[in-house]
Amino acid sequence: MSFQLNSSHLLVVVTVGGAMLSLIGCANTPKPPPDRRIINDDVQYAADQQFVKEPFDEQARLGILRQRTLFDADFQIDSAVLSPLGRKNVTILAQAVLESGGYISVRQGSASAELYAARIAEVRARLVAAGVQVERIELVDRHAGGPGEATAEALVIRKDIRSIPLPNPIGEKLNPQGGGSTMQGTP
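Using this note's numbering, the first residue of the sequence shown is number 43, and each one after it goes up by one.
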């Protein structure tokens, strides 16, 4: 007995196969329902405030690490006691110098020599309490942010920048000294 495949047989096979595949495809488990827990408004508000504030806190922390400096505002007025801001800054600086050491600048500003010495002692005591080894840190009176650029070098850099004409898309070169000149070709 021989079996001949014709178009009607092929259609039946494809239809039955498609039906079986569609049943298999429909056997997936349904998605779980969405989480509909109700969050207290106060909790949501506090979380929203934290999400908004967090990037700025990180920027402030990085700024404190960059300048490594405590100012008069970090202490209570005419006192060696750290202000809340000063305590926060010393905590951040302590974490930074805990492993690598380095310097922290405590600006004397208008403080007397006795008050400045008391402020240095207070900062040193806070750092030691945070686990920083005294021999790994140096408390100094320097400007914030490191050495920076010397004024003469900054003037040379500025002069070099001002002497370079800037291309303008309308076919002129902008001259930092004023005026313009026509460019040849396309910008």
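Quick reminder that beta carbons are idealized off the backbone N, C-alpha and C, glycines included.
Looking at Ser121, Glu195, Lys95 and Arg168, the one whose alpha-carbon comes closest to that of Asn131 is Arg168. With a 10 Å radius around the Cβ and a threshold of 16 neighbouring Cβ atoms, Val198 comes out exposed. Rounded to whole angstroms, His185 and Ser152 show a C-alpha spacing of 15 Å. As summarised for the segment 144 to 186, the continuous alpha helix (DSSP H) elements at least 4 residues long and confined to that stretch are 155 to 171, given in chain order. Taking a 10 Å sphere around the C-beta of Gly128, we find 16 or more other C-beta atoms and assign the residue as buried.
Distances from the alpha-carbon of Ala122 to those of Phe93, Ser142, Thr111 and Glu164 put Glu164 closest. By the CB criterion at 7 Å, Glu177 and Tyr145 fall outside the cutoff.
In this structure, Ser125 and Ala115 form a Cβ contact; the two beta carbons are roughly 7 Å apart against a cut-off of 8 Å.
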